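Keeping their order, the protein sequence lines are chains A, B and C.
Take 50 as the starting number for the first sequence in this note's numbering and just add one per residue.
Take 57 as the starting number for the second sequence in this note's numbering and just add one per residue.
Take 8 as the starting number for the third sequence in this note's numbering and just add one per residue.
For glycine and all other residues, C-beta sits at the position ideal for the given N, C-alpha and C.
Values in this document were obtained by computation on a predicted structure and should not be read as measured data.
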Amino acid sequence: MKKVLALLLAVMLVIPVLAACGKKADTSENTNVTDNNDKDNNQDNQNQDQNKKKVTLSFVHWRGEDKDAFDEIISRFNEKYPHIDVEQTIYTSEQYVSTAHTLLQDGEAGDVFTSFPGAQFQTIRKGDLFDDITNQSFVSKFNEALITAGLEDGVQYAVPFQMVYNQPVYNKKAFEKAGVDFEGAMKDWDSWLDACQKLKDAGYVPIAFPGGDIGPGQFMNSMMMNLEPDEGIWARVLSGEAKITEDWWVKTLAHFNELNSKGYFNTSANSLKHQDGINMIASEEAAMLATGSYAISGILAKNPDLELGIISPNPASEGEKVWDGIHNATFLLGINKKSNHKEEAAMFIDFLTEKEIASYYANTTGQQLTLKDVEYTSKELMEIGEVWGPRKTRTQPRFFITDQDVQNAVLGSIQDVISGTEPQKAADNAQKLIDEILSR
Amino acid sequence: MNKKIIRNIVLCLYALAILLPLSIIFFATFKDGTELFQNIAGLPRNFSLDNYYKIFVEEKFVVYFLNSIQTTLTSVFLTLFFGSLAAYFIIRCNKILGIIIFALFAAGMMIPPQVNMIPLYNLISSFGLKNKLTGLIIANIASTLPVAVFILTGFMRSIHKELFGASKVDGANEWKIYSRVVMPLSLPSLSATGIFLFVMHWNDLLYPLLFITKRAKKTVPLALLDFQGQYVIDYQMLFTGVAIASIPMVLMYLFFQRYFIAGMSAGAVKG
Amino acid sequence: MRASKKIGFFIIPALLIYGVFYVYPTVLSLFYSITDWDGVSPAFNFVGLKNFINLFTNDTIFIKSLTNNVKFTLSASILQFLFSLGLALLLIKNTKSNVFFRALYFFPTILASVSVGFIWTFLYAPNIGPIDQLLKSLGLEWMIQDWLGDKSIAIYSIAVVKAWFHVGQMIVIFVAGLQAIPKQFYEVAKIEGASALQTFRRVTWPMIAPAATIVVAYTTIQTFKAFDLIYTMTRGGPNYSTEIIATNIYNVAFRSNKFGYAAAQSIIFLVIIGAITFLQFKLVDRYETN
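If you want it as structure tokens, here you go:
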């Protein structure tokens, strides 16, 4: 017994030293390996760039689905600029909201980083972590009207890269099978319920609703868009002039309740994660997924045979219909003000926005982009452009809830309703939280 | 007779409650995405090592592993070393000072890490120790010294006072008494405390979450958490990460089971 | 006296690290708790006790975190207590099979909370999750719940995980307590013709009370600090129904950027944990002196 103990202690004493040595050897080896690779791949470039110091950029974002596409883009970037390596770090979008501004602070992470418009953009801007990119040449490659989410007081802090529709994705064949007409379903609230019933009768879960993570934040947009068509509504809630106990939000919650209690959502809607929602629609268990167009690539990766489109309920009557759907310019590319490699970071963004690279990204990941010059060849992308381009879409309302705590309270009221709370009561509770937040 | 059968049934049922979840997770690491959902609880159709390959080669999991090993072992060793020195001081210095120092450390056991994490975060930043394993190690030591001092002092108090006197007469200085007499006698409590600390440091999430943002410096639990973002739809990859992260613990547990159980319980009783 | 001087060096490293990196930040927390510092900008104002007043009079979420903590602690403690005591009673003797079962039950304790969180999130997953699948195949569909999504049961679902995680550790403590009971006590009880229940109440229970105190106190403190498990499983959701103080402090500090306010929360947290720890020492002390 004593021997074993002595051995254990000896191991504990020796290993840290060994590990420390091993670690050093390991890292130096690693850099060697990458060096060699670069030399093999780009001997010509290497000669030119020999004098330049090797730089590793950190690129942080939340699109786990796009990891492979970015890997490819990074390797092409590396071919062009052998002295710059890019390391991507990916968070879940939920975690990203709570950690991004902290992890950017010391300038070591996120030389190039992405952010969500609205609350997160504001937090990072207030923390003075955006480098001013107004005069960067790549800004002119963007469609001016679509990058205002990164603009504040005439300064461009970041540029939204993706143009997404935050409204349900639907399986066309399932609609056909259930005899649901695309345009008809979007007519008014009753026609939406009718469509759901038909899908349910045909054996589908009408809507996969990932209430466990991003579902409430995404679907609330379509669900409220015509009940309160004024885009200034959330600013008024934040200033205390409007309350979410008013009719428009209570009715939105009542609609959520209706969908859930009639079995038009999957069971256990509050704990479904987006990944599981993707699985549900990919396996044709569900006919719709209530998140957004950005989910399409993930779904097709699981089941390439599906034909998908995007759709949005009209929560009001036909006469009250102001908006057809929801769009949002997001994935705001920015440069960390505290970064030591701002020049290289700008080169990377510039590279991302080149026509060929951007088109590759758009088509492999199924994302519409905010750039002027992109060639969409993917079937889904072209079709979404055709069907939704001409329609009147509203900028994602949630984007205007610029206080993270207020946003949590609003989304919480949806989860409350799914858990069985009366809509009016859920709205009351959430408004109480908002009052507290505003009065503190 | 009947009693015995019921007893065995109860024991086996609970064993199943432990084993079933673990085996589902373990088998999942050999399945691909589609098989996982068609065949959740069953044995994998063919034991494919693809996931492991992917994690080790593409994810460079070895790096996280080495980070964790280095951080944990250094933290454990230094905590034990500094802790035992402090414990020795407490039992050897004058009584009132001993009580004061002991109370100071014991009070630390009441402070949950969430209480001081915010200033600690700033402190580590301002020392330039963010994204450095050294920063993590220092935070680990600081936060677990109270438990270590508490357990070790308790043990050293039980060593007969005459021993010190006898050594003194033999002309040994304090360092010699500490290293030649007290440490060997304290081996059982040192190993128990060491294991308790090992499990705590290896599994800790909060400090890495706060201090480490660079991939090359991530520890295993933090890397696991990040897998959530990376493998949004691949449970099997997540579980392969879980399996790999658990290997050192499982091995240590198999070899040093008795000390493990003793150490963890001592930690619970004392800490 | 000379010895004391020389020995002074022994305390320096521990005191230095502990002082600078644990005590000092704790004192700073106390300081920040009376400011409105956002953790990012260089300037902040002193607000006196405003943070504390807001916490108790104007912050439903904080009060909710407190009550959630109590719910979580009570349910996890009860589960952990009953399971560990019950199983320990079956595993008192050091037979080969008993040692095996104890080691097996202990196993989850060595896993990382992050790992346990992942494992159980998957087990609880709706529809595809093994628990729902199992219930379906047993024809028990009506038992299926939205385990982590229903705000009225999510916190208890996590309490079950907590118990699964640490019952084995508590068994060991109980077994140690049970083994310390002299055999004669049981023989006497047998001679007097006491039933199993009577024996438990008259002999076993009084003798293992110290162990029981340790188990309850340890679970209480652990559940108050259970940051990792909740952070990995639900991040406090849905709608704050699994938010406990530890996760709330983290969220307020790092998601809402209210460092000063979070510091005030952490001071209250400190007082609570301090009180529980103090109580634990008192109780264990009382049993030991008896």
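Would you mind stating whether residue i and residue j have Cβ atoms separated by less than 8 Å?
{"i": "residue 346 of chain A", "j": "residue 261 of chain A", "result": "no"}
{"i": "residue 147 of chain B", "j": "residue 139 of chain B", "result": "no"}
{"i": "residue 342 of chain A", "j": "residue 214 of chain A", "result": "yes"}
{"i": "residue 59 of chain C", "j": "residue 260 of chain C", "result": "no"}
{"i": "residue 482 of chain A", "j": "residue 68 of chain C", "result": "yes"}
{"i": "residue 211 of chain B", "j": "residue 245 of chain B", "result": "yes"}
{"i": "residue 241 of chain C", "j": "residue 230 of chain C", "result": "no"}
{"i": "residue 182 of chain A", "j": "residue 153 of chain A", "result": "no"}
{"i": "residue 398 of chain A", "j": "residue 420 of chain A", "result": "no"}
{"i": "residue 446 of chain A", "j": "residue 338 of chain A", "result": "no"}
{"i": "residue 79 of chain C", "j": "residue 166 of chain C", "result": "yes"}
{"i": "residue 226 of chain C", "j": "residue 82 of chain C", "result": "no"}
{"i": "residue 91 of chain C", "j": "residue 177 of chain C", "result": "yes"}
{"i": "residue 309 of chain C", "j": "residue 258 of chain C", "result": "This structure gives no information on residue 309 of chain C, because the portion of chain C shown stretches from 8 to 297."}
{"i": "residue 164 of chain C", "j": "residue 454 of chain A", "result": "no"}
{"i": "residue 305 of chain A", "j": "residue 467 of chain A", "result": "yes"}
{"i": "residue 122 of chain A", "j": "residue 384 of chain A", "result": "no"}
For residue i and residue j, I'd like the C-alpha separation in whole angstroms.
{"i": "residue 282 of chain C", "j": "residue 163 of chain B", "result": "11 Å"}
{"i": "residue 206 of chain A", "j": "residue 302 of chain A", "result": "35 Å"}
{"i": "residue 268 of chain C", "j": "residue 76 of chain B", "result": "43 Å"}
{"i": "residue 259 of chain A", "j": "residue 146 of chain C", "result": "26 Å"}
{"i": "residue 170 of chain C", "j": "residue 118 of chain C", "result": "14 Å"}
{"i": "residue 185 of chain A", "j": "residue 191 of chain A", "result": "12 Å"}
{"i": "residue 84 of chain A", "j": "residue 130 of chain A", "result": "Any reading at residue 84 of chain A is ruled out, since the residue's pLDDT is 39, under 50, leaving its predicted position unreliable."}
{"i": "residue 70 of chain A", "j": "residue 180 of chain B", "result": "With a pLDDT of only 39 at residue 70 of chain A, under 50, the local geometry of the prediction cannot be trusted, and the value read off the model is given with reservation. Near 24 Å, if we compare the C-alpha coordinates of residue 180 of chain B and residue 70 of chain A."}
{"i": "residue 144 of chain C", "j": "residue 152 of chain C", "result": "15 Å"}
{"i": "residue 273 of chain B", "j": "residue 293 of chain A", "result": "45 Å"}
{"i": "residue 148 of chain C", "j": "residue 61 of chain C", "result": "45 Å"}
{"i": "residue 15 of chain C", "j": "residue 220 of chain C", "result": "37 Å"}
{"i": "residue 315 of chain C", "j": "residue 331 of chain A", "result": "In this structure chain C extends from 8 to 297, so residue 315 of chain C is not present and cannot be described."}
{"i": "residue 105 of chain C", "j": "residue 130 of chain B", "result": "35 Å"}
{"i": "residue 59 of chain B", "j": "residue 66 of chain B", "result": "11 Å"}
{"i": "residue 400 of chain A", "j": "residue 40 of chain C", "result": "46 Å"}
{"i": "residue 279 of chain C", "j": "residue 285 of chain C", "result": "10 Å"}
{"i": "residue 241 of chain A", "j": "residue 361 of chain A", "result": "9 Å"}
{"i": "residue 29 of chain C", "j": "residue 305 of chain B", "result": "28 Å"}
Using DSSP bridges, identify the partner residues of residue i.
{"i": "residue 209 of chain A", "result": "A/381"}
{"i": "residue 220 of chain A", "result": "A/357"}
{"i": "residue 54 of chain C", "result": "Bridge partners of residue 54 of chain C: none, in fact."}
{"i": "residue 335 of chain A", "result": "A/254"}
{"i": "residue 133 of chain A", "result": "A/104"}
{"i": "residue 512 of chain A", "result": "Residue numbering for chain A in the displayed model covers 50 to 489; residue 512 of chain A lies beyond these limits and cannot be assessed."}
{"i": "residue 417 of chain A", "result": "A/212"}
{"i": "residue 201 of chain A", "result": "A/204"}
{"i": "residue 443 of chain A", "result": "A/375"}
{"i": "residue 163 of chain A", "result": "A/382"}
| said: So if I threshold CB-CB distances at 7 Å, which residues from the stretch 175 to 202 of chain B count as touching chain A? | reply: Cβ contacts with chain A come from 181, 186 and 187.
| Cβ-based contacts, 7 Å cut-off: residues of the stretch 113 to 133 of chain C near chain B | Look at the stretch 113 to 133 of chain C: the residues with a C-beta under 7 Å from a C-beta of chain B are 113, 114, 115, 116, 117, 118, 119, 120, 121, 122, 125, 126, 129 and 130.
| said: Under 8 Å: do the stretch 370 to 386 of chain A and the stretch 240 to 248 of chain A share three or more Cβ pairs, one atom per stretch? | reply: With the cut-off at 8 Å, the stretch 370 to 386 of chain A and the stretch 240 to 248 of chain A do not touch.
| For the stretch 150 to 172 of chain A, which residues have a CB atom closer than 9 Å to at least one CB atom of chain B, in sequence order? | Answer set for the stretch 150 to 172 of chain A: 151, 152, 153, 154, 155, 157, 158 and 159.
| message | By the 7 Å beta-carbon criterion, what residues does the stretch 85 to 108 of chain C contribute toward chain A? | response | Near chain A, meaning a CB-to-CB distance below 7 Å, no residue of the stretch 85 to 108 of chain C qualifies.
| Quick check: the stretch 168 to 181 of chain B against the stretch 107 to 114 of chain B, are there 3 or more CB pairs under 8 Å? | Judged by Cβ distances under 8 Å, the stretch 168 to 181 of chain B makes no contact with the stretch 107 to 114 of chain B, as fewer than three pairs qualify.
| request: Can you give me, in chain order, the residues of the stretch 131 to 147 of chain A that have a beta carbon less than 9 Å from any beta carbon in chain C? | output: Along the stretch 131 to 147 of chain A, the positions whose C-beta sits under 9 Å from a C-beta of chain C are 143, 144, 146 and 147, read in chain order.
| task | Tell me, please, whether the stretch 94 to 112 of chain C touches the stretch 255 to 267 of chain B by the rule of three or more beta-carbon pairs shorter than 8 Å. | result | Contact fails: fewer than three Cβ-Cβ distances are below 8 Å.
| request: Please name the residues in the stretch 257 to 279 of chain A whose beta-carbon is closer than 8 Å to at least one beta-carbon of chain C, in chain order. | output: Hits within the stretch, in order: 260 and 261.
| Cβ-based contacts, 7 Å cut-off: residues of the stretch 265 to 279 of chain B near chain C | Close to chain C, meaning a Cβ-Cβ distance shorter than 7 Å, are the following residues of the stretch 265 to 279 of chain B: 277.
| task | Name, going along the chain, the residues of the stretch 291 to 321 of chain A whose beta-carbon falls closer than 8 Å to a beta-carbon of chain C. | result | Across the stretch 291 to 321 of chain A, CB contacts with chain C closer than 8 Å involve 315, 316, 317, 318, 319, 320 and 321, in sequence order along the chain.
| Residues, ordered as in the chain, of the stretch 138 to 155 of chain C that lie near chain B by beta-carbon distance below 7 Å | Along the stretch 138 to 155 of chain C, the positions whose C-beta sits under 7 Å from a C-beta of chain B are 140, read in chain order.
| the stretch 100 to 119 of chain A / the stretch 131 to 148 of chain A touching (three or more Cβ pairs under 8 Å) | Result yes; three or more Cβ-Cβ pairs closer than 8 Å.
| query | Are the stretch 426 to 439 of chain A and the stretch 121 to 132 of chain C touching, with three or more C-beta to C-beta distances below 8 Å? | reply | Taking 8 Å as the limit for Cβ pairs, the verdict is that the stretch 121 to 132 of chain C does not touch the stretch 426 to 439 of chain A.
| said: Can you pull out the residues from the stretch 218 to 231 of chain B whose beta carbon lies closer than 9 Å to at least one beta carbon of chain C? | reply: For the stretch 218 to 231 of chain B, the residues whose beta carbon sits under 9 Å from a beta carbon of chain C are, in order, 224, 229, 230 and 231.
| query | When Cβ atoms are compared, which residues of the stretch 66 to 81 of chain C fall closer than 9 Å to chain A? | reply | Listed by position along the chain: 66, 67 and 68.
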